[in-house]
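Peer 1:
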Amino acid sequence: MPAAADLTSVVPSPLPPLHRLQFDVPGPPCLTPLPDGSSVWYVSRYADVRQVLSDSEFGRAELYAPDGPPRPETPGLTDNPELMFNQDGDSHLRLRRTLRRAFTPRAVARWRPWVASIVDDLLKGLADRDTPVDIVAEFALPLPIAVISRLMGLDASVHERLRRWTVIAFSGDPSPSEEARAALDDFSDFGAALLAERRREPGDDLVSGLVSAADDEGGIPESHLVSLVCGLVAGGHDSTMTMLSNSLLYLLGERRECWPRLAADEQAAETAAARLLHMIPLGDDRGTARRAAQDVEVGGVPIPAGAVLLADCGAANRDPEVFSPDRAEDLFAPLEAPTLSFGAGPHYCLGAWLARLEIHLSLHRLAAAFPALRLAEPSEAVRWRLGSTSRSPEELLVTW
Ligand code: HEM
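Taken in order, the sequence shown gives residues 1343 to 1742; the numbers are from my numbering.
Following this line, the structure appears as structure tokens:
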């Protein structure tokens, strides 16, 4: 069982790369005190985590009830109760229905050609650069920003602002500066203006689809739609950028022998992308929170109504009952069971298929175009960008 202070953040100094984070062997749910004096149920076994994320006895909205756990005075994007991720039941479903059709595996498969062409354009730009090149700034960040922008019908002139707002929104700073608050207000204004514009002049993009589905649904508060749009812009690129940067750090730093196969075999790159998404956590955060709506049992342990649970997907992804430790580092071995890196149940990541596509196409085409790609400085030199839920290299210098 991890120590109490480890539950919300496990950040020794100096920071290890995320693929080297240590996880304890999962065990039954256990009540664990937090530094602020409150207690949470730490849940770590694969089956138990799936249950907590999937069953309707556990919700997100109750975390924001007046008798819920302490919250920062100024809510950021992720702890805003109006965000889809923080709603349950009908109000969650109504919001999710406005987007669900857009993100099915079949719909995402149709986006493959233009996602591939964005990858190829960035690779062409990279080839023209003098080395060393920062592959985060030149590839891992602009790719998912271009993809989410294309889906939402946004032009390149807003990219810089989107990134700045996202960094502030995900900073996790409990007492943001005046400037940061103003930036978050600007982000909301941007979301509101975008919704208004697409309502006036609908196009063939995700936001127009969302507005029309929301109008058909009826009764969804506009502020919830604004949070949804801002959440999509931010979540739609930050997590993918983080995963891609951390995957490249691991592959180029420690698993260079995999590079030729990633280049030669797209199917193998797809399997490797799934493994990387499974084994590299997004950040140091331990556990996604839920609150029990009634007395309930998890893995044979009684949990009282009102209790807060932290479901640790990283630990559950390493549960030896489900995932063989012997295969953990074999990037080309298919996963033994669905990964929990995208969650499970009603809040299962809407962008999971898109993120997989972006990452596998990137690895395959990058390895094919740059067979000699390597890090230009030791992995230990990496400086980290720290967010509330994610951590990734500020820059990653490469050469070829
Ligand atoms: C590697 C990339 C990504 C990772 C690891 C990731 C991971 C996650 C996780 C863990 C959750 C919460 C699930 C839960 O607690 O049950 C989530 C939710 C969500 N993700 Fe992702 N995500 C990624 C990319 C994306 C992309 C590209 C998009 C959109 C284009 C996206 C949109 C969402 C949305 C809208 C939700 C909230 C769903 C809901 O509340 O119903 N994500 N994601």
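From the three backbone atoms N, C-alpha and C, an ideal C-beta is built for every residue, glycine too.
Select from G1625, E1671 and E1663 the residue whose C-alpha is nearest the C-alpha of P1368.
Peer 2: For the residues G1625, E1671 and E1663, the minimum Cα distance to P1368 belongs to E1663.
Peer 1: Quick check on T1473: buried or exposed, where buried means 16 or more other Cβ atoms within 10 Å of its Cβ?
Peer 2: Exposed, by the Cβ-count rule.
Peer 1: Indicate whether V1559 and R1439 have their beta-carbon atoms separated by less than 8 Å.
Peer 2: Note that residue 1559 corresponds to Glu in the displayed sequence, not to Val. Yes, the Cβ-Cβ distance between E1559 and R1439 is below 8 Å.
Peer 1: Compare the C-alpha of G1595 against each of E1424, D1432 and E1722 and name the closest.
Peer 2: Nearest option by C-alpha distance: E1722.
Peer 1: Closest to P1447 by CA distance: which of L1699, L1708, S1730 and L1739 is it?
Peer 2: Comparing Cα positions, the closest option is L1699.
Peer 1: Apart from the five residues just before and just after H1702, which ones in its own chain have a Cβ nearer than 6 Å to its Cβ?
Peer 2: Counting only Cβ-Cβ distances below 6 Å, and skipping sequence neighbours, we find A1611, E1612 and A1615.
Peer 1: Measure from the alpha carbon of L1496 to the alpha carbon of each residue in D1637, E1520 and L1536, then state which is nearest.
Peer 2: Nearest option by C-alpha distance: L1536.
Peer 1: Spell out the partners DSSP gives C1372 in its beta bridges.
Peer 2: The partner list for C1372 (beta bridge, DSSP) reads Y1384.
Peer 1: Rounded to the nearest angstrom, what separates R1733 and T1508 at their Cα positions?
Peer 2: When rounded, the distance between both Cα atoms is 13 Å.
Peer 1: Any C-beta of chain D sitting closer than 8 Å to the C-beta of R1448?
Peer 2: Absent from the structure is chain D; it holds one protein chain and no more.
Peer 1: Could you tell me whether any non-hydrogen atom of ligand 1 is closer than 7 Å to the CB of I1562?
Peer 2: No, Cβ of I1562 sits at least 7 Å from all heavy atoms of ligand 1.
Peer 1: Are the CB atoms of R1387 and A1658 within a distance shorter than 8 Å?
Peer 2: Yes; because the gap between Cβ atoms is below 8 Å, this pair is in contact.
Peer 1: Give every residue of the same chain whose Cβ lies closer than 7 Å to the Cβ of F1365, excluding the five residues on either side of it in the sequence, and list them in chain order.
Peer 2: Only G1656, A1657 and R1660 meet the Cβ criterion.
Peer 1: How would you call E1737, buried or exposed, if buried means at least 16 neighbouring beta carbons within 10 angstroms?
Peer 2: It counts as buried.
Peer 1: Give me the Cα-Cα distance between S1569 and A1451, rounded to the nearest whole angstrom.
Peer 2: So the two alpha carbons sit approximately 27 Å from each other.
Peer 1: Where does I1622 fall in DSSP's three states?
Peer 2: Coil at I1622, not helix or strand.
Peer 1: So, helix, strand or coil for D1348, using DSSP?
Peer 2: Only weak support is given to the placement of D1348: the predicted model assigns it a pLDDT of 39, under 50, and the value that follows is read from those uncertain coordinates. Note: D1348 maps to helix in three-state DSSP.
Peer 1: If you measure between the beta carbons of P1411 and L1405, is that distance less than 8 Å?
Peer 2: Against a cut-off of 8 Å, the Cβ pair of L1405 and P1411 comes out as a contact.
Peer 1: Taking the alpha-carbon positions, what's the D1528 to R1727 distance?
Peer 2: When rounded, the distance between both Cα atoms is 23 Å.
Peer 1: With a threshold of 16 other CB atoms inside 10 Å of the CB of R1540, please say whether the residue is buried or exposed.
Peer 2: Burial call: buried.
Peer 1: Per DSSP, F1674 forms a beta bridge with which residues?
Peer 2: Its beta-bridge partners do not exist; DSSP assigns none.
Peer 1: Tell me the rounded alpha-carbon separation between S1351 and V1549.
Peer 2: Because the pLDDT at S1351 is just 48, under 50, the model does not fix this residue reliably, and the value given afterwards should be weighed accordingly. So the alpha carbons of these two residues sit roughly 35 Å apart.
Peer 1: Any chance the CB of C1691 is under 7 Å from a heavy atom of ligand 1?
Peer 2: Yes, since a heavy atom of ligand 1 falls inside the 7 Å radius drawn around the Cβ of C1691.
Peer 1: Could you check the C-alpha separation between V1478 and A1635 for me, to the nearest Å?
Peer 2: So the two alpha carbons sit approximately 42 Å from each other.
Peer 1: Quick one: what does DSSP say T1584 is sitting in, helix, strand or coil?
Peer 2: The answer is helix: DSSP assigns T1584 an H, G or I state.
Peer 1: Are M1585 and L1624 touching if we call contact CB-CB under 8 Å?
Peer 2: Yes; because the gap between Cβ atoms is below 8 Å, this pair is in contact.
Peer 1: Count the other CB atoms, across all protein chains shown, that sit within 10 Å of the CB of D1546; report buried if there are 16 or more and exposed otherwise.
Peer 2: Exposed, by the Cβ-count rule.
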